[in-house]
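There are 2 protein chains.
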Amino acid sequence: MGVIRKTKSVQTILNIFNERKKAVSVVQLIELLKDEMNKTTIYRILERLESDGVVHSFLDKDGLKLYATCTSGCSSTHHADMHPHFQCQDCGKIDCLTVEMTIPEIPNRTINFSQILLIGKCEECI
Amino acid sequence: MGVIRKTKSVQTILNIFNERKKAVSVVQLIELLKDEMNKTTIYRILERLESDGVVHSFLDKDGLKLYATCTSGCSSTHHADMHPHFQCQDCGKIDCLTVEMTIPEIPNRTINFSQILLIGKCEECI
DNA sequence: TTCTTTACTGCAACGTGGTTGCAAAATTAA
DNA sequence: TTAATTTTGCAACCACGTTGCAGTAAAGAA
Chain A
8 MGVIRKTKSV QTILNIFNER KKAVSVVQLI ELLKDEMNKT TIYRILERLE SDGVVHSFLD
68 KDGLKLYATC TSGCSSTHHA DMHPHFQCQD CGKIDCLTVE MTIPEIPNRT INFSQILLIG
128 KCEECI
Chain B
8 MGVIRKTKSV QTILNIFNER KKAVSVVQLI ELLKDEMNKT TIYRILERLE SDGVVHSFLD
68 KDGLKLYATC TSGCSSTHHA DMHPHFQCQD CGKIDCLTVE MTIPEIPNRT INFSQILLIG
128 KCEECI
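So the sequence lines, in the order shown, correspond to chains A and B.
Under this note's numbering, the very last position in the first sequence is 133; numbers go up by exactly one each time.
Under this note's numbering, the very last position in the second sequence is 133; numbers go up by exactly one each time.
Take a look at the structure:
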């Protein structure tokens, strides 16, 4: 499973993640690469990259899927992607945050993941 | 704006919220009420109830829209829906949590809302 | 280099959640 | 009861995402 072959398409997508450090939505990628590859290919490459621990995915405030490179602690077996994300309500831009947020204990429940999205205004939109 | 007329459809939906205390997905409601009203009507009633401060909406782990009754502090002008939600990864059930989670300060950004979803196993699925 | 295996890609079609425009029905106030 | 206005149903549409399958390309073996 995962990325086995370093195809041109995979390289192209990896380059995009390396250039921009921000999270990228699948929709953006499809638009950006519409002359280079099929949207199905994009979805499948991202899937493989994620299951390989290279990127992680999450949903933005509108439920759209985003991907960002994993900074540390992620592998194909475990994703340390509990970190919160920030989305600007005006320009839509999204960042991974490095702040730690303490997850509360809930009686009679176990908590395994969390999706935390903080929504507000970014530096440029304030 | 908001709910002006207490139609049969509105009453039906309000009753459902009163009976079940849990959050309900729009998809569930559409299935539940498929013989009584059109899905467009459901979407529009929920929209009105939300803008009236009667219910609040949020997205689950798959990006599906859920609604739950507002317990306190919500109005048509302001939604105090900063509380986190819990979703069971097995049965999919969702609860509003009453725990307070402190939202961190982020330099050069303002934070106005937050969507916090804690994912794990519920009482029955542990 | 060429061959062979197997992963990857493109295409077209499909599925689902959600939205829109408009005419008909229902509600409220007069 | 009437008139004004909000709601509703319908049908069509849109966007994001998925699937099956045939053709293409990568990687190792010969």
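Even for Gly, the Cβ is constructed at its ideal location relative to N, Cα and C.
Small disclaimer: the values here were computed from a predicted structure and weren't measured.
Beta-bridge pairing of residue i - partner residues as DSSP gives them
i, result
"residue 127 of chain B", "A:118, B:95"
"residue 63 of chain A", "A:75"
Environment of residue i [buried if 16+ CB atoms lie within 10 Å]
i, result
"residue 34 of chain A", "exposed"
"residue 11 of chain A", "exposed"
"residue 31 of chain A", "buried"
"residue 133 of chain A", "exposed"
"residue 77 of chain B", "buried"
"residue 127 of chain B", "buried"
"residue 69 of chain A", "exposed"
"residue 18 of chain A", "exposed"
As assigned by DSSP and simplified to three states, the class of residue i
i, result
"residue 11 of chain A", "coil"
"residue 106 of chain A", "coil"
"residue 101 of chain A", "strand"
"residue 37 of chain A", "helix"
"residue 20 of chain B", "helix"
Delimiting residues of the alpha helix (DSSP H) encompassing residue i
i, result
"residue 29 of chain B", "It is not in any alpha helix (DSSP H) - residue 29 of chain B carries neither H nor E in the DSSP assignment."
"residue 46 of chain A", "46-58"
The ligand SAM heavy atom lying under 7 Å from the CB of residue i
i, result
"residue 123 of chain A", "This structure lacks the ligand SAM, and indeed carries no ligand of any kind."
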